[in-house]
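Undergrad:
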Amino acid sequence: MTPMADDFKETPSQTAGPFVHIGLAPGAAGFDIYEAELGHDIAGPHAQGERIRVEGIVFDGDGEPIKDVMIEVWQANAQGHYATRGNNLVEQGFRGWGRVIPDFETGEWAFETVKPGGVARHDDRQQAPHMALWLVARGMNVGLHTRLYFDDEAAANAVDPVLHHLKLQGRDHTLIAARRPVGGIATYRFDIHLQGQDETVFFDV
Amino acid sequence: MSQPVDETSQARDTAQPDLRDFNPRDWAWQPPALTPDYRTSVARSPRLALVPLKNGIGECSSPVFGPGDLGPQDNDLLQNYARPGESPIGERIILYGRVLDENARPVPHTLVELWQANAGGRYRHVNDTYLAPIDPNFGGCGRTLTDAEGWYRFMTVKPGAYPWRNWSEHWRPAHIHLSLFGAGLAQRLITQCYFEGDPLVAKCPIVNAVPGQAARDRLVAKLDLDASLPLDAIAYRFDIVLRGCDATRFESRPEGDG
Chain A
1 MTPMADDFKE
11 TPSQTAGPFV
21 HIGLAPGAAG
31 FDIYEAELGH
41 DIAGPHAQGE
51 RIRVEGIVFD
61 GDGEPIKDVM
71 IEVWQANAQG
81 HYATRGNNLV
91 EQGFRGWGRV
101 IPDFETGEWA
111 FETVKPGGVA
121 RHDDRQQAPH
131 MALWLVARGM
141 NVGLHTRLYF
151 DDEAAANAVD
161 PVLHHLKLQG
171 RDHTLIAARR
181 PVGGIATYRF
191 DIHLQGQDET
201 VFFDV
Chain B
206 MSQPVDETSQ
216 ARDTAQPDLR
226 DFNPRDWAWQ
236 PPALTPDYRT
246 SVARSPRLAL
256 VPLKNGIGEC
266 SSPVFGPGDL
276 GPQDNDLLQN
286 YARPGESPIG
296 ERIILYGRVL
306 DENARPVPHT
316 LVELWQANAG
326 GRYRHVNDTY
336 LAPIDPNFGG
346 CGRTLTDAEG
356 WYRFMTVKPG
366 AYPWRNWSEH
376 WRPAHIHLSL
386 FGAGLAQRLI
396 TQCYFEGDPL
406 VAKCPIVNAV
416 PGQAARDRLV
426 AKLDLDASLP
436 LDAIAYRFDI
446 VLRGCDATRF
456 ESRPEGDG
C-alpha cells in the first residue's frame, strides 16, 4: 500500500446516530421536505424477474431489536447486472438500491424488490444470487457490510466462493435467508444478529 | 487473520476494465466497533472479526444519482423548510469543502447528504424529546452533488450542542452528520463534522471513539473567513476523503465522469 500523508487518509467514520432518518429518510423522521426521497423503490416498475419481499429484525447483543437502524440494499437485476453509470443492461427505472427503515415500535423491517440473478465473474463462473446490505445506527461507529443469499438457490450457493469460505467456519448459514410464501408473495426472512451464537457475518469490504 | 475471500481471482484487469480496487481500510485509523466509553457500542458491535472480502463488481460500483434526483433548494437549509419570507433562527453558516480520494483526486458528481439539530440543539425527529424547541423554519437536512472538481456547498445554521445519556450525562459538541457514496460500495461513508474551537469536541466519547488525535482533527471544520458571505454567513471548510484506488491502476484507466 502506498504511504499517504494523514491529509489523504480516509475521513474517520462516525456513528449515524439515532436521527439518521432526518437526513436519509425524512418521511420516517416525521416530516416531508423533498420532492422525492431517495431509496424508496429498489427495482422500479419495469424490472423483470420474480417479485419478492425481504423482512427481518436486527438484534443487538442483548437480543433486543435495533429499532433505529437504517439498512441500505445494493443488488443486481434478475439478469445479474448492476445499475452502474452508463449501464444500459438494466431495465428503465431499475436502480438496485434502496433504504429500509424499521417500525420504530418493533424493529421489524421489510422491503420489496426483484430477486437478483447470479453475478458473472471474469472467468464466467457465477456468484450465487445475493444482495449487499449496509447497516448504520446509533452505537455503530462504522457501517456494517453484510450479504443476503437465498435458501432456494442451493445449487448456486454450493459453488459460491464466499459461502464456501464461510461454510468452512460454520458461519454460512447466517447469510442465507429462508423463503416462505406470505400473502401471495415469496418472502425471505433475514434476521441479523450483531452478537451471540448466530452472529451474522460482517465483511471488511 | 483469515485470507480474503477471492471473488474475482487474478487477471481481472483485462476482463473487467470497469472494476476499481479500493485500498484496504486502515482499521488502526478508523474507530473500532467496540468503544466501551460510548455505551451503546457495547451491545451493537460484532464480537467476531470482520471477514475480508475482495472487491468484486458489487463492491466497486454504487448507485448513480443525478441532478434529476434533487430539487433546486436541497442544499440550502436556510430556505428548504422555511416559510416564505422567513428563515431559521441561528448563526448563518456556509459549510463547504472538497471530496477527494486517498490519491488526492477529486470525487466528482457524488451525492452528499447531511442532517443536523437546529440552533437550539433539537432535532426534527419523532424520537427526539429534548426540551429545546423545534424551529418551524428549519427541517435540518440537505443534499447536493459534488461538482466536476469534487466541491460541495451547503447553507445552514450552526447546530446547537445538546445533552445525551451515556454512562453518565454528556453534551454532544455542535456537529453536522454527513453521508457520502463515492463510486463504489466500499467507499460508502457516514461521518460527523465538528467546529473549530469547540471545547466539547475533546470531551465527546463519540469523537474519542476515533483512536488517534490526527484522525480526530480531521473531523473538525475550519473557520474560513475568506469564504464567508459579507453581511450574511460565516464559512467553515470541511474536506472529506474517501477510500482510493491503487494509483498506478487508477492512472491506467480512462477517467469517466464519476
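Sequence lines, in order, name chains A and B. Residue numbers for the first sequence follow our numbering, beginning at 1 and rising by one. Residue numbers for the second sequence follow our numbering, beginning at 206 and rising by one. Beta carbons: idealized from backbone N, C-alpha and C, even for Gly.
Under 7 angstroms between beta-carbons, which chain B residues line up against residue 157 (chain A)? List them in chain order, please.
TA: Here residue 157 (chain A) corresponds to residue number 157 of the first sequence, with the count starting at 1. Those within 7 angstroms of residue 157 (chain A) in chain B number zero; the least Cβ separation is about 14 angstroms.
Undergrad: Judging by CA-CA distance, which residue of A:183, A:28, A:24, A:203 is the nearest neighbour of residue 105 (chain A)?
TA: In the first sequence, residue 105 (chain A) corresponds to position 105, counting from 1. Residue 105 (chain A) has its Cα closest to that of A:28, out of A:183, A:28, A:24, A:203.
Undergrad: Anything in the region 402-427 of chain B with a Cβ closer than 8 angstroms to a Cβ of chain A? List those residues in chain order, please.
TA: 411, 412, 414, 415, 419, 420, 421, 423, 424
Undergrad: I need the boundaries of the beta strand (DSSP E) containing residue 181 (chain A), first residue and last residue.
TA: Within the first sequence, numbered from 1, the residue matching residue 181 (chain A) stands at position 181. Unbroken beta strand (DSSP E) run through residue 181 (chain A): 176-182.
Undergrad: Let's see if you can read the secondary structure: which residues bound the alpha helix (DSSP H) around residue 25 (chain A)?
TA: Along the first sequence, read from residue 1 onward, the residue named residue 25 (chain A) stands at position 25. No alpha helix (DSSP H) contains residue 25 (chain A), which DSSP labels as neither H nor E.
Undergrad: I'd like to know if residue 62 (chain A) contacts chain B, where contact means its C-beta is closer than 8 angstroms to some C-beta of that chain.
TA: Position 62 of the first sequence, counted from the first residue, corresponds to residue 62 (chain A). Yes, residue 62 (chain A) counts as interfacial toward chain B.
Undergrad: In three-state DSSP terms, what is residue 380 (chain B)?
TA: Residue numbering aside, residue 380 (chain B) sits at position 175 when the second sequence is read from its first letter. Per DSSP, reduced to three states, the secondary structure at residue 380 (chain B) is coil, with no helix or strand assignment.
Undergrad: Going residue by residue through the region 286-313 of chain B, where are the continuous beta strand (DSSP E) segments of at least 3 residues, counting only ones entirely within it?
TA: 297-306
Undergrad: Determine whether the beta carbon atoms of residue 351 (chain B) and residue 313 (chain B) lie at a separation below 8 angstroms.
TA: In the second sequence, the residue the question calls residue 351 (chain B) occupies position 146. In the second sequence, the residue the question calls residue 313 (chain B) occupies position 108. Contact: yes.
Undergrad: Could you tell me which residues DSSP puts in a beta bridge with residue 171 (chain B)?
TA: Only positions 206 to 463 of chain B appear in the structure, and residue 171 (chain B) is not among them; the question remains open.
Undergrad: According to the neighbour-count rule (16 or more other Cβ atoms, all chains shown, within 10 Å of its Cβ), is residue 116 (chain A) buried or exposed?
TA: Locating residue 116 (chain A) in the first sequence gives position 116, counting from the first residue. Buried.
Undergrad: Quick test of your reading: residue 70 (chain A) and residue 38 (chain A), contact by CB under 8 angstroms. State the CB separation rounded to the nearest angstrom.
TA: For the purposes of this step, residue 70 (chain A) is taken as the residue at position 70 of the first sequence. For the purposes of this step, residue 38 (chain A) is taken as the residue at position 38 of the first sequence. About 12 angstroms; that fails the 8 angstroms criterion.
Undergrad: Going by beta-carbon coordinates alone, are residue 282 (chain B) and residue 359 (chain B) separated by less than 8 angstroms?
TA: In the second sequence, residue 282 (chain B) corresponds to position 77, counting from 1. In the second sequence, residue 359 (chain B) corresponds to position 154, counting from 1. Contact flag set, yes.
Undergrad: Which term fits residue 141 (chain A), buried or exposed, when burial requires 16 or more other beta carbons within 10 angstroms of its beta carbon?
TA: In the first sequence, residue 141 (chain A) corresponds to position 141, counting from 1. Burial call: buried.
Undergrad: So what does DSSP say about residue 159 (chain A), is it helix, strand or coil?
TA: Within the first sequence, numbered from 1, the residue matching residue 159 (chain A) stands at position 159. Helix at residue 159 (chain A).
Undergrad: Ignore the nearest five residues each way along the sequence and tell me which others in residue 402 (chain B)'s own chain have a CB closer than 8 angstroms to its CB.
TA: As a working note, residue 402 (chain B) is residue 197 in the second sequence. Answer for residue 402 (chain B): 428, listed in chain order.
Undergrad: On the DSSP letters alone, give me the boundaries of the beta strand (DSSP E) that residue 358 (chain B) sits inside.
TA: For this step, residue 358 (chain B) is matched to residue 153 along the second sequence. Residue 358 (chain B) -> beta strand (DSSP E) spans 356-362.
Undergrad: One question on the structure: do residue 346 (chain B) and residue 377 (chain B) come within less than 8 angstroms of each other, judged by their Cβ atoms?
TA: Within the second sequence, numbered from 1, the residue matching residue 346 (chain B) stands at position 141. Within the second sequence, numbered from 1, the residue matching residue 377 (chain B) stands at position 172. No.
Undergrad: Take every Cβ of the region 266-283 of chain B, pair it with every Cβ of the region 231-249 of chain B, and state whether three or more of those distances are shorter than 8 angstroms.
TA: no
Undergrad: Could you confirm whether any beta carbon from chain B is found closer than 8 angstroms to the beta carbon of residue 10 (chain A)?
TA: One-based indexing of the first sequence puts residue 10 (chain A) at position 10. Chain B, which has a Cβ nearer than 8 angstroms to the Cβ of residue 10 (chain A), makes this yes.
Undergrad: Quick check on residue 36 (chain A): buried or exposed, where buried means 16 or more other Cβ atoms within 10 Å of its Cβ?
TA: Position 36 of the first sequence, counting from 1, holds the residue named residue 36 (chain A). In the assembly as shown, residue 36 (chain A) is an exposed residue. Its beta-carbon has fewer than 16 other beta-carbons within 10 Å.
Undergrad: In angstroms with no decimal places, state the Cα-to-Cα distance between residue 297 (chain B) and residue 398 (chain B).
TA: Sequence index remark: in the second sequence, residue 297 (chain B) carries index 92 (1-based). Sequence index remark: in the second sequence, residue 398 (chain B) carries index 193 (1-based). Rounded to the nearest angstrom, the two C-alpha atoms are 16 angstroms apart.
Undergrad: If you run the structure through DSSP and keep just helix, strand and coil, what is residue 196 (chain A)?
TA: By 1-based counting over the first sequence, the position of residue 196 (chain A) is 196. Looking at residue 196 (chain A) - three-state DSSP - the assignment turns out to be coil, as it is neither helix nor strand.
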